[in-house]
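Numbering-wise (my numbering), the sequence shown opens with residue 136 and increments by one.
Here a beta-carbon is modelled for each residue, glycine too, at the ideal position from N, C-alpha and C.
Single-structure report; data block below.
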Amino acid sequence: MNEQYAMTIGGQAVLAASTIEVRNPATGEFFALAPDASADDLDAAVAAATLAFPAWRDTPMADRKACLVKAAEAIEAHADELASLFVAEQGRPLAGAKMEILGAAMWLKATTMLDIPVDVTEDNDKRRIEVHHVPLGVVCGIVPWNFPVLLASWKIGPALMAGNTLVLKPSPFTPLCTLRIGALIREAFPAGVINIISGGDALGPLMTAHPGFAKISFTGSTATGRRVMETAAKDLKRITLELGGNDAAIVMPDVDVDLIAEQLFEGAFHNSAQVCVATKRLYIHADIYDQLRDRLHQLAQQLPVGDGTQQGVRFGPVQNEPQYRRVLALLEDARANGLTLLEGGAVPEQGYFIPLTLVDNPPEDSRVVVEEAFGPILPLLKFTDVDDVVTRANDTEYGLAGAVWSADIEAATAIAHRLDTGTVWINQNLQSTPFTPLAGAKQSGFGQENGLAGLLEFTRPKSIFIPKAG
136 MNEQYAMTIG
146 GQAVLAASTI
156 EVRNPATGEF
166 FALAPDASAD
176 DLDAAVAAAT
186 LAFPAWRDTP
196 MADRKACLVK
206 AAEAIEAHAD
216 ELASLFVAEQ
226 GRPLAGAKME
236 ILGAAMWLKA
246 TTMLDIPVDV
256 TEDNDKRRIE
266 VHHVPLGVVC
276 GIVPWNFPVL
286 LASWKIGPAL
296 MAGNTLVLKP
306 SPFTPLCTLR
316 IGALIREAFP
326 AGVINIISGG
336 DALGPLMTAH
346 PGFAKISFTG
356 STATGRRVME
366 TAAKDLKRIT
376 LELGGNDAAI
386 VMPDVDVDLI
396 AEQLFEGAFH
406 NSAQVCVATK
416 RLYIHADIYD
426 QLRDRLHQLA
436 QQLPVGDGTQ
446 QGVRFGPVQN
456 EPQYRRVLAL
466 LEDARANGLT
476 LLEGGAVPEQ
486 GYFIPLTLVD
496 NPPEDSRVVV
506 EEAFGPILPL
516 LKFTDVDDVV
526 TRANDTEYGL
536 AGAVWSADIE
546 AATAIAHRLD
556 TGTVWINQNL
566 QSTPFTPLAG
576 AKQSGFGQEN
586 GLAGLLEFTR
596 PKSIFIPKAG
């Protein structure tokens with residue numbers, strides 16, 4: 136095994152007794168090995184993080200920030216290398232891969248622009264009450280395969296800046312970039328402050344059950360999130376869960392179809408629709424339904440899908456075979472029920488490729504509407520009445536994000552307030568910033584990421600009552 140794919144435990148490169156295969160989703164072929172951490176490896180990582188915690192907690196905030204900036208600069212310096220590796224393991228075309236690598240570095244730097252406040256709730260001649268926000272201890276971070284580097288940075292930055300130490304696990308489908316980043320940033324932090332381990336399906340449950348963690352920060356499916364929450368309850372670990380979504384976008388009849396069609400398309404199919412906050416249901420007013428449907432179908436036929444290493448490719452494969460099979464099952468169900476599928480252009484026969492597919496006004500209770508596809512299938516649904524479409528958009532167990540498209544910003548904002556989601560975009564989509572919290576409603580999550588609110592998720596309040604003389 137190449138040493139660049141070693142784990143990072145206690146500031147050292149560590150191999151495991153076993154390995155997992157990593158496959159290129161554009162070919163389906165095995166091309167690399169990653170460590171398969173054992174329970175002993177996990178114990179070692181937690182022990183290293185536990186040992187490092189007191190000194191890191193007491194390190195001045197300015198010095199912790201400087202370490203994060205140094206880590207970000209190391210990632211930036213190796214952006215081309217990491218982007219090529221990203222394409223091989225994740226499948227996204229090279230430009231998008233590099234954007235994620237640089238975005239993760241930016242996110243780390245941006246996090247250091249935040250400050251943890253001391254809240255004063257009372258200050259008079261008798262006493263002063265200060266509420267400090269102190270670190271929790273050792274944090275467990277579990278990252279999915281759809282944005283493996285960016286979402287890792289969402290955990291690394293706030294967890295470490297708040298004074299915690301971290302054990303981070305990438306998805307077994309996309310471990311390589313994260314392991315390589317671990318090697319690149321080892322010298323940016325004291326030994327044990329950040330530990331990165333990889334492994335198969337057994338490792339995640341071992342981590343969430345481990346008594347050495349004070350908090351679990353998990354991004355992934357709602358089904359797995361429920362299991363994480365159950366496990367965390369046994370010893371009252373704190374948790375942040377960023378889970379699934381079946382996000383609705385509502386398109387009003389006053390829009391300029393030609394102006395917004397490509398934005399809508401990208402908002403649904405970016406990263407081959409493997410985005411938690413992507414548009415998963417597109418509600419289009421009947422007055423413009425046919426026009427917008429036809430324009431979106433034209434884009435599906437024109438925009439190239441293929442191996443992300445090839446020039447001009449806009450969309451890559453579904454990232455892994457299990458997800459590929461789930462998306463195919465949804466398509467097969469739609470065909471079996473006589474739904475009208477509007478497919479895009481041809482895709483490679485090898486690898487986990489699925490044509491960019493629109494479903495023409497399916498019934499509201501069909502599987503392609505009710506279930507989160509997390510793949511390149513987009514149901515288009517007609518509406519005529521605002522109250523009706525808001526009810527339909529909210530009729531889901533999820534509540535991650537939504538969007539409203541209209542020339543009337545005031546009217547769109549009024550609709551946005553009625554959507555049961557943690558985020559609503561108006562005339563835009565897929566936007567996030569390091570300074571704005573992302574939080575899900577209903578079954579889409581628990582807790583917050585990003586912004587000051589996300590930073591404080593990695594702390595606990597400590598109130599100090601200070602008497603005054605006299």
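- Residue pairing by DSSP places Y418 opposite I385, L516 in a beta bridge.
- The beta carbon of T256 sits closer than 7 Å to the beta carbons of I264, V266 from its chain, once the five residues preceding and following it are set aside; these are given in chain order.
- Nearest to H405 by alpha-carbon distance, out of R227, L371, A206, is R227.
- In the same chain as A384, and ignoring 5 residues on each side of it, the C-beta atoms closer than 6 Å to its own belong to T414, L417, A538, in chain order.
- Taking 8 Å as the cut-off, the beta carbon of D175 is found no closer than this to the beta carbon of I155.
- In this structure, I210 lies away from F221, with their beta-carbon atoms at least 8 Å apart.
- It is roughly 15 Å from the alpha-carbon of G272 to the alpha-carbon of A367.
- Using a Cβ distance threshold of 8 Å, L554 and A528 count as a contacting pair.
- In the DSSP assignment, C275 forms a beta bridge with V302, I351.
- The Cβ neighbour count for K372, taken over all protein chains shown within 10 Å, is at least 16; the residue is labelled buried.
- When secondary structure is reduced to three states using DSSP, Q446 falls in the coil class, being assigned neither helix nor strand.
- Our two residues, L319 and T313, have alpha carbons roughly 10 Å apart in a direct line.
- For E377, the closest C-alpha among the options V412, V392, L394 is that of V412.
- A straight line joining the alpha-carbon of P457 with that of D258 spans about 58 Å.
- Taken atom to atom, the span from the alpha-carbon of E506 to that of T357 is near 12 Å.
- Taking the C-beta atoms as reference points, F400 is found no nearer than 8 Å to V440.
- F165 sits in a strand when the DSSP states are folded into three classes.
- For F600, the uninterrupted beta strand (DSSP E) run begins and ends at 594-602, by DSSP.
- By the criterion of at least three beta-carbon pairs nearer than 8 Å, the segment 326-340 is not in contact with the segment 539-551.
- For P340, the secondary structure class from DSSP, reduced to helix, strand or coil, is helix.
- A direct Cα-to-Cα measurement between A287 and A239 gives close to 8 Å.
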